[in-house]
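Below is one structure, written out as structure tokens; the observations come after it.
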Amino acid sequence: MKKFEEIREQFKLKINNVNNHQSLKELKVEFFGKKGLITGLMSEMKNIEDKKSYGQAINDLKCELMAQYNIVEQEINEVLLNEQLKKDAIDVTLPGRKNKPAKQNILLKTAREIEMIFIEMGYEIAIGPEVETDFYNFEALNLDKNHPARDMQDTFYINEHLLLRTHTSGIQSRTLQANANKDLKIICPGKVYRRDDDDATHSHQFMQIEGLVVINKKQNISASMRELKTTLSIFANKIFAGEDLEVRFRQSFFPFTEPSVEVDITCSRCKGSGCNFCKQTGFIEVLGAGVIHKNVLKIAGYDEDEYVGFAFGIGVERIALLKHNIDDIRHLYINDERFNKQF
Ligand code: PHE
């Protein structure tokens, strides 16, 4: 019993000095461990007569001291937790970071403006895949495998049959084929890709808006060169409203239109007097167009003698550059807030 009392006293003394996990652990080993003081009492068992009461007494002592131990352990854990919480505290009264709403990129805004002009004229929007087949991008447009005009569009091929579309005219072929012998009036906006060295006026990725009108010849309206010129003049006057820019139609060649034209607009930089931007011509080319080639209608399943149509492909970047007097196409893609903010 004296021994019990000694252990109890010793424990009390020591536990009062415990103030961290390390000393708590040491205390645990010293008293409750395999070679600890309490376990040590067991070794006396052989000299004791009333083994049952002795065992009971050891157990009671163990429970008593363990209870004190648990209280202290809990206290220490609480102190540590509070310290940690204090360290991790955040000041919820600090002002948050403001998210400034971004402005719509001027390229996209220009595309939407162009679309609106045509929607007002009764066009519907059609879209198509950016990864296009050689068939829809070229063959269905009267450009068979070895056609030299393929060189006009340096192409990113994925394999022999798949490519990144070089123009939105592939949507023309798709829409024609899906609607053979029906009247059509659509625009097709989208990104297109060509292998090109990027500079102030060239980008390997750019945007086009394709237009396509097909009408049965029996109707009392038509969709030929005259209507094409009227349509494009209306478009140019609307998109450049208020600016004194001249629209010029120039004879050109595309395998999928006959006759073909290219449309130029007065260079907004030099107002037509000639500068580096327009390569001293005074004009910037903004779109290609023409009367749909009979072969294109035929390949799509149209009766090429009964239908007539025109198509055009507008370069959206060129329009944006001209309209807003931007000197480098790359500004449209770099996404510099200082640039975007201006529009
Ligand atoms: N697809 C032609 C180009 O990207 C433009 C075009 C479209 C020409 C429709 C004629 C008719 O260069």
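Mapping the sequence shown onto this note's numbering, position 104 (from 1) lands on 104, and the numbers just tick up by one.
Just so it is clear, CB atoms sit at the ideal spot from N, CA and C, and this is done for glycine as well.
These figures come from a predicted structure and were not determined experimentally.
T133 carries a strand assignment under DSSP once its states are collapsed to helix, strand and coil. For Q342 and I119, the gap between their C-alpha atoms comes out near 27 Å. Within the DSSP secondary-structure output, F312 pairs in a beta bridge with G211, A289. Excluding five sequence positions before and after R174, the CB atoms of its chain that fall closer than 7 Å to its own CB belong to G128, Y136, given in chain order. When only Cα atoms are considered, K14 and L27 end up about 7 Å apart.
With contact defined as three or more Cβ pairs closer than 8 Å, the stretch 103 to 122 and the stretch 177 to 190 are in contact.
Within 7 Å of the C-beta of F235 there is not a single heavy atom belonging to the ligand PHE.
For K185, the enclosing beta strand (DSSP E) starts and ends at 184 to 193. Residue pairing by DSSP leaves E317 without any beta bridge partner.
Distance from the C-beta of S268 to the nearest heavy atom of the ligand PHE is not below 7 Å.
By the CB criterion at 8 Å, T266 and L245 fall inside the cutoff.
S43 and A67 have their C-alpha atoms spaced approximately 23 Å apart. Scanning its chain for C-beta atoms nearer than 8 Å, with the 5 sequence neighbours on each side dropped, one finds around S169 the residues N137, L141, E210, F256, A311, G313, in chain order. With fewer than 16 other beta carbons inside 10 angstroms of its own, S53 counts as exposed.
The DSSP-derived three-state label of L245 is coil. Looking at the backbone, the Cα of R250 and that of E337 are separated by about 38 Å. Secondary structure within the stretch 234 to 279: the beta strand (DSSP E) runs of 3 or more consecutive residues, fully enclosed, are 247 to 254, 257 to 266 (chain order). With contacts defined by Cβ atoms closer than 8 Å, Q208 and V316 form a contacting pair. The count of Cβ pairs closer than 8 Å, one atom from the stretch 217 to 230 and one from the stretch 100 to 111, stays below three, leaving the stretches out of contact. Annotation: V291 to K182 spans about 17 Å, alpha carbon to alpha carbon. Judged by DSSP secondary structure, L94 falls outside any beta strand (DSSP E); it is assigned neither H nor E. K2 is classed as exposed because its beta carbon has fewer than 16 other beta carbons within 10 Å across all chains shown.
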